[in-house]
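What follows is a single structure, written as structure tokens, with notes after it.
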């Protein structure tokens, strides 16, 4: 089959999927077109819903992405904390990390290789 | 031929989604309506978190000037075939706060209230009957 | 032996000329004048009175005075000190304690400003707390007749359903 | 033949999935109500909900990026229904059998959640962007056990039948995993995999304990806070179709058995029996992994959710994988 991505354990034909996607997209677009499209443009209706409060300023409403990974960092504290501590920032720490790991890899390669 | 608004309203009655703007006694009134004894979900009514999804705006309890301004903004943000229900005597005439300096006396001076439900607080049956009544008399609605 | 309230009272009256009174166990009333209110409060905060639980105002109409009371609570020795100061009623001005108990005092002072019209100097944001866009006089003053105010502002004499309020 | 497979089949698939999904949603709401000793809505309630949503105004907020805001629900529903074509439904081989396998399904499962994230960020409200951020973190955490399950099942199949194409869902369906495992170790391993997939399902469907992205009470509807009218109806339909897609994936892997063999009836009758049995299996899985869960449990915090998926469920499925490998080794 042309355009088919074959590996010895998997197969996927993106063209088939795209074609089917276009068909389903057409159906969904038809379903959507049955719905009501009108709304009161640029009245009070289009202001963001902030539990009734007026929108003070666009910048104040922006949620910074920095707290996005809070959930992740909080859950994996045990893993992230030592890692952050490890990044001391001065160069020779990093170099000694580099050398130790290099040594370990060499030992493994030699012991396995020979 | 019933007007387009009437057709739309008849569709709404089967799945009324409610946004509740409850101060004071309102919320204690919502609990039996949602609870297992009167269960408003058997009529397809559910509570929605945003006015965007809602059709009926329940306003219960007295409104101060500060909360009225927010209530107006919430009413504006609802999607069109929308209905406002004033629950309780406080929305009709200020209720027991009739001579307070900070409460709104009659809600329909500030918001297009479709129907008032008397009672302080109104019983759940009155709330359901009001929802049914709105949509039966939808043709006379302006 | 002297209870901790008396000990505390000696310490205060030695430092500031303030007339104290032990109202009952763990309750002390201190009344001082406007000038050394802030030094007294700063000293009290240093002593462990870190919690401003309430700020209330009593309106003495006959004397023409507002009595501003600060209810301070200390967690260590569990005593409630009520500092009272009398200020003039016509143009009530007092120093703000926001510098000592910042956000906590901020809300109390905004409310007292809104309800009694007291001007707290040094309070950055005295915007109304509950009575947004309020035109009438401060409603908690004793000489504010709110029945008249409501009749004139909300109800119309000619409206038949509301005529009953007027006779 | 081409037209039948690539045009007619998707249309039937999407309409059938929407129909079955909405019915299952209705049953789910009735059962949830009965568990709370409430009467619960009539069965056709979801259909009326969608019909009502179709007549409501479709508000596009001013802060929103309008084309993205409108495209997100369309993508979400379209992509979810394409997944159905790769799954062996009711014993029949997947419609696009030769064009996609288990790995494609696992990847396609990301797209609806991605469409919700795009919709959330595009709607410009702080609630929606917090919801979208939560959705991303949730996606990251439940993908891990899902991938482990896919890999371990495929490995088992390739170990026992090296000639077969390990990842093709058709092969997995015709050779049920329970038969491929020799000793009790393998059975326990498979049970652990089943448990972790059962726990991932409510996360994927964002059902109560895991419905952080659109938590009604905390972030006011979350990702769907600014949607209304027909856009919201499309998201509603997408969640209905997902109600069909997820359990049918689970059925394809763990319970692909059919009972039409017991009665020696004509091919058509056997087909009908298979479809009915498939729907019963679908419903039973949904009852345990969705209805019971969202009635009994309360919503988790985001870091608890990451803990359950990223740590607990990954560990469970890894142990399952190790047990299967040990079983095959002995």
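Protein chains in written order, with the numbering used here: chain A, 1 to 114; chain B, 115 to 256; chain C, 257 to 423; chain D, 424 to 753. Every residue, glycine too, gets a C-beta built ideally from N, C-alpha and C. In this text, all values refer to a predicted model and were calculated from it rather than measured experimentally.
So which residues on chain C does residue i lean against when the C-beta distance must stay under 8 angstroms?
i: residue 137 of chain B; result: Residues of chain C passing the Cβ test: none, with the nearest at roughly 12 angstroms.
Specify, as a first and last residue, the run of the alpha helix (DSSP H) that residue i falls within.
i: residue 184 of chain B; result: 179 to 190
i: residue 492 of chain D; result: 489 to 507
i: residue 417 of chain C; result: Taken as a continuous stretch (DSSP letters only), residue 417 of chain C belongs to no alpha helix (DSSP H), as it is neither H nor E.
i: residue 343 of chain C; result: Here residue 343 of chain C belongs to no alpha helix (DSSP H); instead the beta strand (DSSP E) covers 335 to 344.
i: residue 459 of chain D; result: Per DSSP, residue 459 of chain D belongs to no alpha helix (DSSP H) and is neither H nor E.
i: residue 79 of chain A; result: 77 to 86
i: residue 563 of chain D; result: 549 to 583
i: residue 231 of chain B; result: Per DSSP, residue 231 of chain B belongs to no alpha helix (DSSP H); it is in the beta strand (DSSP E), 229 to 231.
i: residue 738 of chain D; result: 737 to 752
i: residue 362 of chain C; result: 358 to 372
i: residue 154 of chain B; result: Taken as a continuous stretch (DSSP letters only), residue 154 of chain B belongs to no alpha helix (DSSP H), as it is neither H nor E.
From which residue to which residue does the beta strand (DSSP E) around residue i run?
i: residue 173 of chain B; result: 170 to 174
i: residue 327 of chain C; result: 321 to 330
i: residue 30 of chain A; result: No beta strand (DSSP E) holds residue 30 of chain A; the alpha helix (DSSP H) holding it covers 14 to 33.
i: residue 214 of chain B; result: Run containing residue 214 of chain B: none; DSSP gives neither H nor E here.
i: residue 135 of chain B; result: 131 to 136
i: residue 299 of chain C; result: Unbroken run through residue 299 of chain C is the alpha helix (DSSP H), 293 to 302; no beta strand (DSSP E).
i: residue 284 of chain C; result: 283 to 288
i: residue 7 of chain A; result: 5 to 7
i: residue 312 of chain C; result: 307 to 316
i: residue 279 of chain C; result: 275 to 280
i: residue 349 of chain C; result: 349 to 351
i: residue 659 of chain D; result: Taken as a continuous stretch (DSSP letters only), residue 659 of chain D belongs to no beta strand (DSSP E), being part of the alpha helix (DSSP H) at 653 to 677.
i: residue 375 of chain C; result: 375 to 377
i: residue 201 of chain B; result: 197 to 201
Exposed or buried, what is residue i when buried is set at 16 or more other beta-carbons lying within 10 Å of its beta-carbon?
i: residue 544 of chain D; result: buried
i: residue 270 of chain C; result: exposed
i: residue 404 of chain C; result: exposed
i: residue 98 of chain A; result: exposed
i: residue 721 of chain D; result: exposed
i: residue 480 of chain D; result: buried
i: residue 166 of chain B; result: buried
i: residue 490 of chain D; result: exposed
Name the chain B residues that come within less than 7 angstroms of residue i, Cβ to Cβ?
i: residue 410 of chain C; result: 219
i: residue 558 of chain D; result: Neighbours of residue 558 of chain D on chain B: none; closest Cβ ~16 angstroms, over 7 angstroms.
i: residue 482 of chain D; result: 166 and 193
i: residue 403 of chain C; result: 213
i: residue 472 of chain D; result: 129
i: residue 395 of chain C; result: 215
Can the beta-carbon of residue i be found less than 7 angstroms from the beta-carbon of residue j?
i: residue 200 of chain B; j: residue 171 of chain B; result: no
i: residue 46 of chain A; j: residue 484 of chain D; result: yes
i: residue 464 of chain D; j: residue 155 of chain B; result: yes
i: residue 712 of chain D; j: residue 572 of chain D; result: no
i: residue 753 of chain D; j: residue 609 of chain D; result: no
i: residue 669 of chain D; j: residue 731 of chain D; result: no
i: residue 192 of chain B; j: residue 174 of chain B; result: no
i: residue 508 of chain D; j: residue 519 of chain D; result: yes
i: residue 579 of chain D; j: residue 617 of chain D; result: no
i: residue 473 of chain D; j: residue 648 of chain D; result: no
Which chain D residues are close to residue i, counting only those with a beta carbon under 8 angstroms from its beta carbon?
i: residue 98 of chain A; result: By Cβ distance, chain D contributes nothing, its closest Cβ being about 29 angstroms from residue 98 of chain A, past 8 angstroms.
i: residue 84 of chain A; result: Residues of chain D passing the Cβ test: none, with the nearest at roughly 17 angstroms.
i: residue 122 of chain B; result: 478
Going along chain C, which residues have a C-beta under 9 angstroms from residue i?
i: residue 205 of chain B; result: Going along chain C, no residue has its Cβ under 9 angstroms from residue 205 of chain B, so there is no contact; the nearest lies around 14 angstroms.
So with Cβ pairs under 7 angstroms, would you call residue i a contact of chain G?
i: residue 196 of chain B; result: Among the chains of the structure shown, chain G does not appear; the protein chains present are A, B, C and D.
Residues of chain A with CB closer than 9 angstroms to the CB of residue i, please, in chain order.
i: residue 190 of chain B; result: 40, 43, 44, 45 and 47
i: residue 733 of chain D; result: 72, 75 and 76
i: residue 185 of chain B; result: 52
Using a Cβ cut-off of 9 angstroms, pull out every chain B residue sitting near residue i, in sequence order please.
i: residue 639 of chain D; result: 161, 162, 163 and 164
i: residue 644 of chain D; result: 162, 163, 164, 166 and 167
Whose Cβ in chain C lies nearer than 7 angstroms to the Cβ of residue i?
i: residue 180 of chain B; result: 386 and 388
Can you name the residues of chain D whose CB is closer than 9 angstroms to the CB of residue i?
i: residue 126 of chain B; result: 475, 478 and 479
Mind listing the chain A neighbours of residue i? Cutoff is C-beta to C-beta under 7 angstroms, in chain order.
i: residue 579 of chain D; result: Chain A residues near residue 579 of chain D: none, gap ~13 angstroms exceeds 7 angstroms.
Could you run through the stretch 143 to 161 of chain B and flag, in chain order, every residue whose CB is less than 9 angstroms away from some CB of chain C? If you check each beta-carbon in the stretch 143 to 161 of chain B against every beta-carbon of chain C, none falls closer than 9 angstroms.
If the cut-off is 9 angstroms on Cβ atoms, which residues from the stretch 53 to 71 of chain A count as contacting chain B, listed in chain order? Sequence-ordered contacts of the stretch 53 to 71 of chain A with chain B read 53 and 54 [C-beta pairs closer than 9 angstroms].
Taking a cut of 8 angstroms between CB atoms, which residues from the stretch 39 to 52 of chain A lie near chain D? Across the stretch 39 to 52 of chain A, CB contacts with chain D closer than 8 angstroms involve 39, 40, 42, 45, 46, 47, 48, 49, 50 and 51, in sequence order along the chain.
- the stretch 614 to 636 of chain D: which residues have C-beta closer than 7 angstroms to a C-beta of chain B, in chain order? Answer set for the stretch 614 to 636 of chain D: empty.
Exercise. Taking a cut of 7 angstroms between CB atoms, which residues from the stretch 435 to 467 of chain D lie near chain B?
Worked result: In summary, the residues of the stretch 435 to 467 of chain D whose CB is separated from some CB of chain B by less than 7 angstroms are 456, 459, 460, 461, 462, 463 and 464, in the order they occur in the chain.
- Query: When you check each C-beta in the stretch 651 to 672 of chain D against every C-beta of chain A, which residues fall closer than 7 angstroms?
  - Reply: Against chain A - using a Cβ distance shorter than 7 angstroms - the residues of the stretch 651 to 672 of chain D are 652, 653, 656 and 657.
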